[in-house]
Amino acid sequence: MSEREQPKLPLLTERLELRDFGEADVEWVQAWACDPAVVRFMPWGPNTPEQTREFLQRKFAERTGVPRRTWDLAVVNHGTGRLIGSAGLRLDETLQQAYIGYCFHRDAWGHGFATEAARVLLRFGFEQLGLHRIHATVDSRNGASIRVLDKIGMRQEGRLREHLMQRGEWRDSFLYAILRREWDATAGAARPNPDTE
Ligand SMILES: CC(C)(COP(=O)(O)OP(=O)(O)OC[C@H]1O[C@@H](n2cnc3c(N)ncnc32)[C@H](O)[C@@H]1OP(=O)(O)O)[C@@H](O)C(=O)NCCC(=O)NCCS
Numbered sequence: 227m228s229e230r231e232q233p234k235l236p237l238l239t240e241r242l243e244l245r246d247f248g249e250a251d252v253e254w255v256q257a258w259a260c261d262p263a264v265v266r267f268m269p270w271g272p273n274t275p276e277q278t279r280e281f282l283q284r285k286f287a288e289r290t291g292v293p294r295r296t297w298d299l300a301v302v303n304h305g306t307g308r309l310i311g312s313a314g315l316r317l318d319e320t321l322q323q324a325y326i327g328y329c330f331h332r333d334a335w336g337h338g339f340a341t342e343a344a345r346v347l348l349r350f351g352f353e354q355l356g357l358h359r360i361h362a363t364v365d366s367r368n369g370a371s372i373r374v375l376d377k378i379g380m381r382q383e384g385r386l387r388e389h390l391m392q393r394g395e396w397r398d399s400f401l402y403a404i405l406r407r408e409w410d411a412t413a414g415a416a417r418p419n420p421d422t423e
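In the numbering used here, the protein residues as written are 227 to 423.
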């Protein structure tokens, strides 16, 4: 993709819209970013309102980069219109690799939303951004997120010992990744063929 061509948003799934954050989202984001249960396995938070405003300012700045490297998106349930979480890719353009991450309001857990959002991000990363590999790191105790990574076809590649400092303690992470050819062979193979539809 040339530097001038930027992929288009929003990304749509059956139940979700993934779009850029706006100024009006601050209270919704703060509703999950201040929740100790939500940030339990994250290296940040619980956020003050000021920290959430700074987070959004960073998101606004990051999206002006050309080529854009950070695609941290707001996840909206389009049935209810409610902003329920964030999910994104952070790209290393040179290496054609990206890091995937997600975080949802506690009320939205357990409905398959993270899996649905992560799947569309993999498609976006491989098909629109032309990535070769997408990876994730997850706290070794974060069973729900590990399950999401398994469900979207990522493979565990190892344990990163004492990888992150989290509220005064070193935590182990699992490294997960999926290659473009692995995605093509699974989810990619299931997509409609425009030549035959
Ligand atoms: C991790 C998180 C994104 C999952 O979101 P979600 O929308 O509930 O995820 P899904 O519903 O798509 O899938 C969750 C899966 O984990 C399973 N699960 C839930 N809690 C679990 C646990 N403690 N141990 C193992 N599996 C668990 C669910 O049963 C489901 O699997 P299933 O579809 O086979 O039943 C959400 O819990 C969250 O936002 N947590 C806080 C932020 C966070 O940890 N982000 C990830 C950082 S790597």
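Heads up, the beta-carbon is just placed ideally off N, CA and C, and yes, glycines get one too.
When the five nearest sequence neighbours on each side are left out, the beta carbons in the same chain lying within less than 8 Å of the beta carbon of residue 252 are those of 275, 278, 279 and 282, in order along the chain. Put simply, the backbone Cα of residue 394 is about 12 Å away from that of residue 388. Exclusion of residue 325 from the 7 Å shell around ligand 1 follows from its C-beta lying no nearer than that to any non-hydrogen atom of the ligand. Residue state for residue 296 is assigned as strand, using DSSP reduced to three classes.
For residue 280, the three-state secondary structure derived from DSSP is helix. Residue side-chain check: residue 273 keeps its Cβ at 7 Å or more from all non-hydrogen atoms of ligand 1. Annotated as proximal: residue 364 and residue 400, with beta-carbon spacing under 8 Å. By the Cβ test, the region 372-382 is not in contact with the region 239-258, since fewer than three Cβ pairs between them sit closer than 8 Å. DSSP places residue 256 inside the alpha helix (DSSP H), whose first and last residues are 252-259. In the three-state reduction of the DSSP assignment, residue 399 falls in the strand class. Straight-line measurement puts the Cα of residue 244 at about 8 Å from the Cα of residue 343. According to the DSSP secondary-structure assignment, residue 391 is paired through a beta bridge with 396. When DSSP states are grouped into helix, strand and coil, residue 310 belongs to the strand group. With a cutoff of 8 Å on beta-carbon distance, residue 300 and residue 246 are scored as near each other. By the 16-neighbour rule on beta-carbons within 10 angstroms, residue 256 is buried. In terms of CA proximity to residue 270, 392 leads the group 392, 355, 371 and 310. Of the heavy atoms belonging to ligand 1, none sits nearer than 7 Å to the Cβ of residue 302.
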